[in-house]
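Numbering (my numbering), first residue to last: 24 to 254.
We put the CB at the ideal spot given by N, CA and C, even for glycine.
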Amino acid sequence: MSKFGTLAVIFDLDGTLVDSEPNYYEASRQTLAEHGVPGFTWAEHEDYVGISTLETAVILRERYGLHATVDELLDATNRRYLELARTHTRAYPEMRKFVELLAAEAVPMAVASGSSPEALDAILAGTGLDAFLHTVVSADEVAHGKPAPDVFLEAARRLGADPADCVVLEDAAPGAAAAHAAGMRCIAVPYVAAQADSPEFATAALLLRGGQAEFTAQSAYTWLLDSATSG
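Here is the structure:
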(Lines of atoms letter the chains of each structure in order from A and count residues from 1; the text may use other names and numbers.)
(Lines give C-alpha, C1' and ligand atoms only; values in the text may rest on other atoms or scores of the structure.)
Protein backbone atom coordinates (compact mmCIF):
# COMPACT_ATOMS: atom_id res chain seq x y z
CA MET A 1 0.00 0.00 0.00
CA SER A 2 1.09 3.58 -0.67
CA LYS A 3 2.55 5.50 2.28
CA PHE A 4 -0.55 7.66 1.91
CA GLY A 5 -2.76 4.70 2.85
CA THR A 6 -6.28 4.90 1.40
CA LEU A 7 -5.99 8.57 0.41
CA ALA A 8 -7.53 9.73 -2.89
CA VAL A 9 -7.17 13.26 -4.27
CA ILE A 10 -9.83 15.01 -6.35
CA PHE A 11 -8.99 18.19 -8.26
CA ASP A 12 -11.26 20.91 -9.47
CA LEU A 13 -10.00 22.02 -12.90
CA ASP A 14 -10.72 25.67 -13.68
CA GLY A 15 -8.73 28.05 -11.50
CA THR A 16 -7.28 25.14 -9.52
CA LEU A 17 -5.24 22.98 -11.90
CA VAL A 18 -5.28 25.42 -14.81
CA ASP A 19 -5.73 29.16 -15.28
CA SER A 20 -8.79 28.94 -17.52
CA GLU A 21 -10.95 31.68 -16.02
CA PRO A 22 -9.68 34.29 -18.54
CA ASN A 23 -10.97 31.99 -21.31
CA TYR A 24 -14.38 31.62 -19.62
CA TYR A 25 -14.57 35.38 -19.19
CA GLU A 26 -13.75 36.04 -22.84
CA ALA A 27 -16.25 33.40 -24.04
CA SER A 28 -19.02 34.89 -21.86
CA ARG A 29 -18.12 38.45 -22.89
CA GLN A 30 -18.32 37.61 -26.59
CA THR A 31 -21.58 35.68 -26.20
CA LEU A 32 -23.25 38.50 -24.25
CA ALA A 33 -22.02 41.10 -26.76
CA GLU A 34 -23.52 39.00 -29.57
CA HIS A 35 -26.87 39.15 -27.72
CA GLY A 36 -26.84 42.90 -27.19
CA VAL A 37 -25.09 43.16 -23.82
CA PRO A 38 -21.76 44.94 -24.32
CA GLY A 39 -19.25 45.79 -21.61
CA PHE A 40 -19.35 42.62 -19.49
CA THR A 41 -16.49 43.18 -17.02
CA TRP A 42 -13.99 40.90 -15.27
CA ALA A 43 -15.43 42.05 -11.92
CA GLU A 44 -18.87 40.84 -13.04
CA HIS A 45 -17.36 37.56 -14.23
CA GLU A 46 -15.88 36.91 -10.77
CA ASP A 47 -19.44 36.33 -9.50
CA TYR A 48 -19.56 33.15 -11.62
CA VAL A 49 -16.21 31.62 -10.64
CA GLY A 50 -16.90 28.08 -9.43
CA ILE A 51 -20.38 27.82 -10.93
CA SER A 52 -20.98 25.43 -13.84
CA THR A 53 -21.22 26.77 -17.40
CA LEU A 54 -24.84 25.61 -17.57
CA GLU A 55 -25.86 27.39 -14.38
CA THR A 56 -23.97 30.51 -15.47
CA ALA A 57 -25.99 30.55 -18.72
CA VAL A 58 -29.24 30.27 -16.72
CA ILE A 59 -28.28 33.19 -14.46
CA LEU A 60 -26.98 35.42 -17.30
CA ARG A 61 -30.14 34.85 -19.34
CA GLU A 62 -32.29 35.92 -16.42
CA ARG A 63 -30.06 38.79 -15.26
CA TYR A 64 -29.88 40.43 -18.69
CA GLY A 65 -33.34 39.44 -19.95
CA LEU A 66 -31.92 37.66 -23.00
CA HIS A 67 -34.25 36.21 -25.65
CA ALA A 68 -31.93 33.31 -26.55
CA THR A 69 -32.64 29.97 -24.88
CA VAL A 70 -30.33 28.61 -22.21
CA ASP A 71 -29.21 25.91 -24.66
CA GLU A 72 -28.34 28.51 -27.29
CA LEU A 73 -26.32 30.55 -24.79
CA LEU A 74 -24.59 27.44 -23.49
CA ASP A 75 -23.70 26.22 -26.99
CA ALA A 76 -22.34 29.64 -28.00
CA THR A 77 -20.27 30.00 -24.84
CA ASN A 78 -18.93 26.45 -24.99
CA ARG A 79 -18.01 26.80 -28.68
CA ARG A 80 -16.02 29.99 -28.03
CA TYR A 81 -14.50 28.56 -24.86
CA LEU A 82 -13.31 25.39 -26.58
CA GLU A 83 -11.56 27.42 -29.28
CA LEU A 84 -9.65 29.31 -26.58
CA ALA A 85 -9.13 26.28 -24.32
CA ARG A 86 -7.29 24.20 -26.92
CA THR A 87 -4.52 26.72 -27.38
CA HIS A 88 -4.58 29.23 -24.51
CA THR A 89 -4.80 27.22 -21.29
CA ARG A 90 -1.87 27.14 -18.88
CA ALA A 91 -1.48 24.58 -16.09
CA TYR A 92 -0.21 26.11 -12.86
CA PRO A 93 3.40 24.86 -12.57
CA GLU A 94 3.18 23.95 -8.86
CA MET A 95 -0.11 22.12 -9.41
CA ARG A 96 1.45 20.11 -12.26
CA LYS A 97 4.36 19.27 -9.94
CA PHE A 98 1.91 18.20 -7.21
CA VAL A 99 0.07 15.88 -9.62
CA GLU A 100 3.39 14.34 -10.66
CA LEU A 101 4.43 13.81 -7.00
CA LEU A 102 1.15 12.04 -6.23
CA ALA A 103 1.32 9.97 -9.41
CA ALA A 104 4.80 8.78 -8.40
CA GLU A 105 3.26 7.42 -5.17
CA ALA A 106 0.31 5.84 -7.05
CA VAL A 107 -2.21 7.98 -5.17
CA PRO A 108 -5.62 7.64 -6.93
CA MET A 109 -6.59 10.97 -8.52
CA ALA A 110 -9.60 12.40 -10.33
CA VAL A 111 -10.84 15.66 -11.81
CA ALA A 112 -14.35 16.87 -10.89
CA SER A 113 -15.44 20.04 -12.66
CA GLY A 114 -18.37 22.19 -13.69
CA SER A 115 -16.99 22.32 -17.23
CA SER A 116 -18.42 20.30 -20.11
CA PRO A 117 -16.85 16.90 -20.94
CA GLU A 118 -15.54 18.39 -24.21
CA ALA A 119 -13.83 21.25 -22.38
CA LEU A 120 -12.32 18.87 -19.84
CA ASP A 121 -10.91 16.62 -22.54
CA ALA A 122 -9.54 19.57 -24.53
CA ILE A 123 -7.78 21.14 -21.54
CA LEU A 124 -6.36 17.95 -20.07
CA ALA A 125 -5.03 16.90 -23.48
CA GLY A 126 -3.74 20.40 -24.30
CA THR A 127 -1.81 20.68 -21.02
CA GLY A 128 -0.63 17.08 -20.97
CA LEU A 129 -2.32 16.48 -17.60
CA ASP A 130 -4.31 13.65 -19.17
CA ALA A 131 -1.17 11.51 -18.78
CA PHE A 132 -1.83 11.48 -15.01
CA LEU A 133 -5.54 12.20 -14.61
CA HIS A 134 -7.65 9.45 -16.17
CA THR A 135 -10.78 9.68 -14.00
CA VAL A 136 -12.74 12.76 -15.04
CA VAL A 137 -16.24 13.80 -13.98
CA SER A 138 -18.19 16.72 -15.49
CA ALA A 139 -21.14 18.34 -13.71
CA ASP A 140 -23.02 17.57 -16.95
CA GLU A 141 -22.91 13.89 -15.91
CA VAL A 142 -24.58 14.31 -12.51
CA ALA A 143 -27.88 15.70 -11.25
CA HIS A 144 -26.57 18.88 -9.61
CA GLY A 145 -23.46 21.02 -10.01
CA LYS A 146 -21.46 22.56 -7.18
CA PRO A 147 -22.20 23.56 -4.38
CA ALA A 148 -24.05 20.20 -4.39
CA PRO A 149 -21.63 17.32 -3.67
CA ASP A 150 -22.64 15.19 -6.69
CA VAL A 151 -19.48 15.58 -8.84
CA PHE A 152 -17.16 14.81 -5.94
CA LEU A 153 -19.19 11.81 -4.79
CA GLU A 154 -19.24 10.44 -8.35
CA ALA A 155 -15.46 10.92 -8.62
CA ALA A 156 -14.98 9.01 -5.34
CA ARG A 157 -17.27 6.24 -6.60
CA ARG A 158 -15.27 5.88 -9.81
CA LEU A 159 -12.01 5.78 -7.85
CA GLY A 160 -13.45 3.20 -5.47
CA ALA A 161 -12.63 5.55 -2.59
CA ASP A 162 -14.52 6.32 0.60
CA PRO A 163 -15.48 10.05 0.65
CA ALA A 164 -13.87 10.30 4.11
CA ASP A 165 -10.53 9.30 2.51
CA CYS A 166 -10.75 11.96 -0.20
CA VAL A 167 -9.05 15.34 -0.22
CA VAL A 168 -10.39 17.93 -2.67
CA LEU A 169 -8.39 20.84 -4.12
CA GLU A 170 -10.63 23.81 -4.90
CA ASP A 171 -10.34 27.48 -5.78
CA ALA A 172 -13.96 28.60 -5.42
CA ALA A 173 -16.48 28.89 -2.59
CA PRO A 174 -19.14 26.66 -4.25
CA GLY A 175 -16.50 23.94 -4.67
CA ALA A 176 -15.41 24.17 -1.03
CA ALA A 177 -19.07 23.89 -0.02
CA ALA A 178 -19.48 20.85 -2.29
CA ALA A 179 -16.43 19.14 -0.78
CA HIS A 180 -17.78 19.75 2.74
CA ALA A 181 -21.21 18.43 1.74
CA ALA A 182 -19.53 15.32 0.32
CA GLY A 183 -17.81 14.65 3.64
CA MET A 184 -14.37 15.29 2.16
CA ARG A 185 -11.45 17.36 3.41
CA CYS A 186 -10.57 20.38 1.27
CA ILE A 187 -7.39 22.24 0.43
CA ALA A 188 -8.73 25.65 -0.60
CA VAL A 189 -6.65 27.83 -2.92
CA PRO A 190 -8.93 30.86 -3.56
CA TYR A 191 -8.83 32.16 -7.13
CA VAL A 192 -10.51 35.42 -6.13
CA ALA A 193 -8.55 36.76 -3.15
CA ALA A 194 -11.50 38.79 -1.89
CA GLN A 195 -13.48 35.56 -1.47
CA ALA A 196 -11.00 34.03 1.02
CA ASP A 197 -13.27 35.15 3.88
CA SER A 198 -16.32 33.40 2.42
CA PRO A 199 -17.93 31.14 5.05
CA GLU A 200 -17.61 28.18 2.66
CA PHE A 201 -13.81 28.39 2.88
CA ALA A 202 -13.98 28.27 6.68
CA THR A 203 -14.86 24.56 6.35
CA ALA A 204 -11.58 23.81 4.51
CA ALA A 205 -9.01 21.64 6.28
CA LEU A 206 -6.29 23.86 4.79
CA LEU A 207 -6.94 27.38 3.48
CA LEU A 208 -4.20 29.10 1.49
CA ARG A 209 -5.42 32.69 1.57
CA GLY A 210 -2.77 33.78 -0.92
CA GLY A 211 -4.17 31.46 -3.57
CA GLN A 212 -1.84 30.03 -6.22
CA ALA A 213 0.96 32.39 -5.14
CA GLU A 214 1.03 30.61 -1.77
CA PHE A 215 0.59 27.05 -3.04
CA THR A 216 3.65 24.83 -3.44
CA ALA A 217 3.65 21.19 -4.46
CA GLN A 218 6.06 20.18 -1.72
CA SER A 219 4.16 21.84 1.15
CA ALA A 220 0.84 20.34 0.00
CA TYR A 221 2.50 16.92 -0.36
CA THR A 222 3.98 17.18 3.14
CA TRP A 223 0.62 18.27 4.58
CA LEU A 224 -1.09 15.26 3.01
CA LEU A 225 1.62 12.91 4.26
CA ASP A 226 1.42 14.34 7.79
CA SER A 227 -2.36 13.99 7.88
CA ALA A 228 -2.13 10.43 6.48
CA THR A 229 0.38 9.32 9.12
CA SER A 230 -1.33 11.13 12.00
CA GLY A 231 -4.75 9.84 10.94
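Original post:
Got a sec, what are the start and stop residues for the beta strand (DSSP E) F34 sits in?
Top reply: A31 to F34
**OP:** Would you mind working out which of R208, E237, A236 and Q235 sits nearest A225, comparing C-alpha positions?
**Re:** Sorting R208, E237, A236 and Q235 by C-alpha distance to the C-alpha of A225 places R208 at the top.
Original post:
Going straight from the alpha carbon of Y48 to that of F34, what length do you get?
Top reply: 21 Å
**OP:** On a CA-only basis, which of F27, P222, E177 and G88 is nearest D163? Give me that one, please.
**Re:** E177
Original post:
Of the choices S25, W246, E78 and A108, whose alpha-carbon is the least far from that of D37?
Top reply: Closest in C-alpha terms to D37, from the list S25, W246, E78 and A108, comes A108.
**OP:** Could you round the C-beta distance between L156 and M132 to whole angstroms and report it? I think they count as a contact, below 8 Å.
**Re:** So it is a contact: roughly 6 Å between Cβ atoms.
**OP:** Output the boundary residues of the alpha helix (DSSP H) element that contains V93.
**Re:** V93 to H111
Subject >> Residues sharing a beta bridge with S136, DSSP >> reply: S161
**OP:** Starting from L176, trace the alpha helix (DSSP H) both ways and give me its first and last residue.
**Re:** D173 to L182
Original post:
Taking the alpha carbon of W65 as the point to measure from, which residue in I74, R52 and G73 has its own alpha carbon closest?
Top reply: R52
**OP:** Within the same chain, show all residues whose beta-carbon is closer than 8 Å to that of E141, passing over the 5 residues directly before and after it, in chain order.
**Re:** N101 and L105
**OP:** Determine the closest residue to A114 out of L152, V60 and A184, with distance taken between C-alpha atoms.
**Re:** Closest by C-alpha distance to A114, out of L152, V60 and A184, is L152.
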